[in-house]
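Visitor: My structure is below; once you've seen it, I'll send some questions.
Residue numbers (the numbering used here): 3 to 97.
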């Protein structure tokens, strides 16, 4: 997964809020996430679809419900990219 997909997905404040909620709570349904947000369950579900396309969340079917959980791998790729940029930036400023 390329980091631009992650940045694109996280470019939306609502999706960042959903990611933060999943980090705090663990796996959750769109209905549960929407209960604490000022948007509908359908809107949350659309945001979860975008996060899933970026591979930031993984859906798991449990009976009639779908629970979403964060997947750490794409975040690691972005962290590595940021660390590389910061390291190169620090070398350039030191020179």
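By construction, the Cβ of each residue, glycine as well, lies at the ideal position given by its N, Cα and C atoms.
How big is the Cα-Cα spacing for residue 64 and residue 90?
Guide: Position 62 of the chain shown, counting from 1, holds the residue named residue 64. Position 88 of the chain shown, counting from 1, holds the residue named residue 90. If you take the alpha carbons of residue 64 and residue 90, they lie about 45 Å apart.
Visitor: If we count the other Cβ atoms within 10 Å of its Cβ and call it buried at 16 or more, is residue 87 buried or exposed?
Guide: Counted from its first residue, the chain shown places residue 87 at position 85. With fewer than 16 other Cβ atoms within 10 Å, it is exposed.
Visitor: Quick one: Cα of residue 23 to Cα of residue 77, how far?
Guide: Looking up residue 23 in the chain shown gives position 21. Looking up residue 77 in the chain shown gives position 75. Using only the alpha carbons, I get a separation of about 16 Å.
Visitor: Looking only at C-alpha atoms, which of 20, 33 and 59 sits nearest to residue 66?
Guide: In the chain shown, residue 66 corresponds to position 64, counting from 1. It is 33 whose Cα lies nearest to the Cα of residue 66.
Visitor: Can you give me the Cβ contacts of residue 7 inside the same chain, cut-off strictly under 6 Å, excluding the 5 residues immediately before and after it?
Guide: Taking the chain shown and counting its residues from 1, one reaches residue 7 at position 5. Cβ within range, chain order: 56.
Visitor: Use the C-beta contact count for residue 81: other C-beta atoms within 10 angstroms, 16 or more gives buried, fewer gives exposed.
Guide: The residue labelled residue 81 in the question sits at position 79 within the chain shown. Exposed is the call here.
Visitor: Take residue 54 and list the residues in its own chain whose beta-carbon comes closer than 8 Å to its own, dropping the five residues that flank it on each side.
Guide: As a working note, residue 54 is residue 52 in the chain shown. Excluding sequence neighbours, residue 54 sits near 60, 61 and 70.
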